[in-house]
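Engineer: Heads up: the sequence shown begins at 837 in my numbering, then just goes up one per residue. Starting off with a structure, shown below.
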Amino acid sequence: LPPADPPTMAGLVDAMQLYPGKSPYKMLSVDECVSMVAESVRGPLEPCQLALSKAHGCVLAEDAVARKPIPPFPASIMDGFAVRSRDGPGKYLADDVGGATAGAVPRGPLAEGHVRYITTGAPVPEGADAVVQVENTKHTVREDGKLEVEVGVHSKSGANIRAVGSDTAE
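Below, the structure is given as structure tokens:
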């Protein structure tokens, strides 16, 4: 398309005559505006019970409250090894090669001086206070068939663990 002609002074004067700089509408105060909105809105409705499938667009009449905290146990937020943070970097035996997996029954406390394989969402074993991500470890199967894990990083208590009720409090 060819470029449009630049506006002329005559064109600007014509445009200003169409809009003389004054609105044809009356200026309203804030109170008047609030009043107009309030008049057009229906008041509060009585609470009712609906099937979830029918509740789209509705608002809860009262707060939803959890019956139990979620998660109900300290849970790992990643695959790795459950550790005692005070033990620090070093080589440790895995106390349970089966590890702790999400949905499985906890296998008891973490043995002193050991680590335990753990998956995302699994309960952190009693005695462990941190999870070291698997990428920060090296694994070796010893001659006796036991798994030795070298933890390569320091960990703080609570690291990579979701606290009880951290998603939803009771």
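Glycine is no exception: its CB is placed at the ideal position from the N, C-alpha and C atoms.
1) Mind checking whether Ala-958 and Ala-936 have CB atoms under 8 Å apart?
2) Using DSSP bridges, identify the partner residues of Ile-954.
3) DSSP three-state label for Leu-886, please.
4) Alpha carbon to alpha carbon, how far is Arg-878 from Val-866? Give it in angstroms, no decimals.
5) Find out if the Cβ-Cβ distance for the pair Leu-946, Gly-924 is shorter than 8 Å.
6) Looking only at its own chain, which residues have a Cβ that is under 6 Å from the Cβ of Ala-938, when we skip the five neighbours before and after it?
7) With 16 other CB atoms within 10 Å as the buried threshold, where does His-815 fall?
8) Taking the Cβ atom as the reference point for each residue, do Gly-916 and Val-989 lie within a distance shorter than 8 Å?
9) Taking 8 Å as the threshold (C-beta atoms), are Asp-932 and Arg-1025 in contact?
10) Expressed to the nearest angstrom, what Euclidean distance is found between the alpha-carbon atoms of Val-970 and Ser-921?
11) Terminal residues of the continuous beta strand (DSSP E) containing Glu-1053?
12) DSSP state of Val-970, grouped into three classes?
13) Can you tell which of Glu-1006, Cys-869, Lys-927, Val-919 has the C-alpha that lies nearest to the C-alpha of Leu-983?
14) In or out: Pro-961 buried (at least 16 other Cβ within 10 Å) or exposed?
15) Is DSSP giving Ala-911 helix, strand or coil here?
16) In the DSSP assignment, the beta strand (DSSP E) including Ala-930 goes from what residue to what residue?
17) From the DSSP output, in three-state form, read off Val-977 for me.
18) On a CA-only basis, which of Lys-904, Arg-903, Gln-885 is nearest Val-895? Give me that one, please.
Structural biologist: Put simply:
1) yes
2) Gly-916, Ala-936
3) coil
4) 20 Å
5) no
6) Thr-955, Gly-957, Ala-958
7) This structure does not reach residue 815, given that the chain is present from 837 up to 1006, and the question cannot be answered.
8) no
9) In the structure as shown, the chain starts at 837 and stops at 1006, and residue 1025 therefore has no counterpart that could be examined.
10) 15 Å
11) There is simply no residue 1053 to check, as the chain begins at 837 and stops at 1006 in what is shown.
12) helix
13) Lys-927
14) buried
15) strand
16) 926-930
17) strand
18) Gln-885
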